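A short write-up of the structure that comes next.
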Ligand code: CP
Ligand code: NVA
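In the working numbering, the protein residues as written are 325 to 627.
Given below as structure tokens:
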């Protein structure tokens with residue numbers, strides 16, 4: 325059966341732990357110049373309906389390092405951008421390629437693509453989820469803290485695709501997560517209810533960033549206006565006042581806390597210059613780990 329990587333809830337904690345372990349192994353191999361052509365001769369199509377720096381580069385470099393080849397497909401320059409049905413594109417691409425990565429808007433688009441695809445489909449970000457990013461974040465947490473169990477995770481900002489994926493992660497991996505989101509910018513209700521129903525983690529929400537961050541080990545934030553919400557920038561700047569991860573807010577966290585940001589960052593909005601450049605920040609390792617964890621995801625699904 326073809327397995328897709330559309331959301332974390334499609335996998336068990338054991339399966340995701342195995343991908344994290346493989347990512348650590350592949351990272352070592354890459355650093356030591358040990359060949360690891362697990363996907364020799366395989367091809368990954370990478371469809372982008374939104375902009376990207378990290379996702380595009382890390383997938384393209386990653387498939388190459390695994391001995392395969394990546395193709396960049398912009399929806400604007402393909403027939404998908406001219407209205408060719410998703411289900412037709414999916415069946416055609418599966419005849420050429422061994423895997424497909426998609427970055428798009430609605431989660432239903434990747435779901436439909438996967439339904440018609442005979443090859444694995446990987447979610448490279450939708451409005452609802454960003455599962456590859458949270459896996460890279462967890463790899464970074466494991467490197468920095470030796471594991472994720474028993475840690476307190478905090479989310480400060482928009483209840484967006486990143487926040488939704490953290491909620492799934494907390495429920496699957498069983499760690500506590502405190503979110504601070506302004507009223508009207510809460511995470512997805514279905515994701516929230518699903519996570520609470522698992523009964524595996526304490527997941528709370530408040531409008532007070534300091535309460536969420538208090539004694540946290542891992543603090544995570546993201547832009548106030550995600551891709552596709554550019555027209556709401558001004559209104560969101562107003563709504564998110566007080567939601568900047570700055571030195572003052574960080575003082576409430578544990579002294580050895582780490583700060584994550586998926587990037588791109590807006591300094592002076594969701595994060596201060598001093599925090600992103602400061603000693604708690606692990607954002608560059610986090611960005612690097614996109615490469616390693618995605619290699620592990622591709623190797624697991626496409627081999
Ligand atoms: N974090 C992330 O997904 O970055 P890009 O938008 O640059 O791919
Ligand atoms: N929430 C952001 C993440 C970018 C990687 C967005 O969707 O634009």
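Note that the Cβ used here is the ideal one computed from N, Cα and C, for glycine as well. On a predicted model such as this, the values are computed, not experimentally measured, just so you know.
* Asked: Just to check, is the beta-carbon of residue 434 closer than 7 Å to a non-hydrogen atom of the ligand NVA?
  -> no
* Asked: Opposite residue 501 in the DSSP bridges: which residues?
  -> According to DSSP, which records beta bridges pairwise, residue 501 is partnered with 477 and 527.
* What first and last residue would you give for the alpha helix (DSSP H) that runs through residue 616? -> 607-626
* To do: Determine the contact status of residue 373 and residue 427, defining contact as a CB-CB distance below 8 Å.
  => Going by C-beta atoms, residue 373 is nearer than 8 Å to residue 427.
* Asked: Tell me which same chain residues have a C-beta within less than 6 Å of the C-beta of residue 617, skipping the five on either side of it?
  -> 347, 459, 460 and 463
* To do: Compute the minimum distance between the beta carbon of residue 591 and the heavy atoms of the ligand CP, and state whether it is under 7 Å.
  => no
* Asked: What residue from 470, 388 and 442 has the CA that sits closest to residue 344's CA?
  -> Looking at the Cα atoms, 470 is the closest of the given residues.
* Asked: Would a C-beta distance cut-off of 8 Å place residue 525 and residue 494 closer than the cut-off?
  -> yes
* On the three-state DSSP scale, how would you describe residue 404? -> It is helical.
* Could you give the distance in angstroms between the alpha-carbon of residue 514 and the alpha-carbon of residue 359? -> 43 Å
* Asked: Would the beta-carbon of residue 370 be found less than 7 Å away from any heavy atom of the ligand NVA?
  -> no
* **Per-residue DSSP class, three states only, for residue 383** => helix
* To do: Could you tell me whether any non-hydrogen atom of the ligand NVA is closer than 7 Å to the CB of residue 505?
  => no
* Alpha-carbon spacing of residue 421 relative to residue 439, whole angstroms -> 16 Å
* **residue 461 beta carbon near the ligand NVA (any heavy atom closer than 7 Å)** => For the ligand NVA, no non-hydrogen atom lies closer than 7 Å to the CB of residue 461.
* **Beta-carbon proximity check, residue 584 vs residue 610, cutoff 8 Å** => Judged by their CB atoms, residue 584 and residue 610 are nearer to each other than the 8 Å cut-off.
* To do: Kindly confirm or deny that the stretch 392-407 and the stretch 365-384 touch, where touching means at least three C-beta pairs closer than 8 Å.
  => yes
* Close Cβ partners of residue 563 (< 6 Å) along its chain, the five nearest in sequence each way excluded -> 506
* Within its chain, find whatever has a CB closer than 7 Å to the CB of residue 453; leave out the 5 residues flanking it on each side and keep chain order. => 331, 431, 447, 485, 488 and 489
* Note down, one range per segment and in chain order, each alpha helix (DSSP H) of at least 4 residues found wholly within the stretch 517-579. => 533-537, 557-563 and 571-574
* Asked: Near residue 589, which residues of its chain fall below 8 Å by C-beta distance, leaving aside the five closest residues on each side in sequence?
  -> 547, 595, 600 and 607
* To do: Within 10 angstroms of the Cβ of residue 530, are there 16 or more other Cβ atoms? Answer buried if so, exposed if not.
  => exposed
* **residue 352: CB within 7 Å of a non-hydrogen atom of the ligand CP** => no
* Closest Cα partner of residue 559 within the set 517, 568, 567 and 549 -> 549
* **Given residue 552 as reference, the closest of 337, 602 and 449 once Cα atoms are compared** => Residue 552 has its Cα closest to that of 449, out of 337, 602 and 449.
* Who are the Cβ neighbours of residue 580 in its own chain at under 7 Å, not counting the five residues just before and after it? -> none
* Backbone CA spacing between residue 442 and residue 451 [nearest angstrom] -> 24 Å
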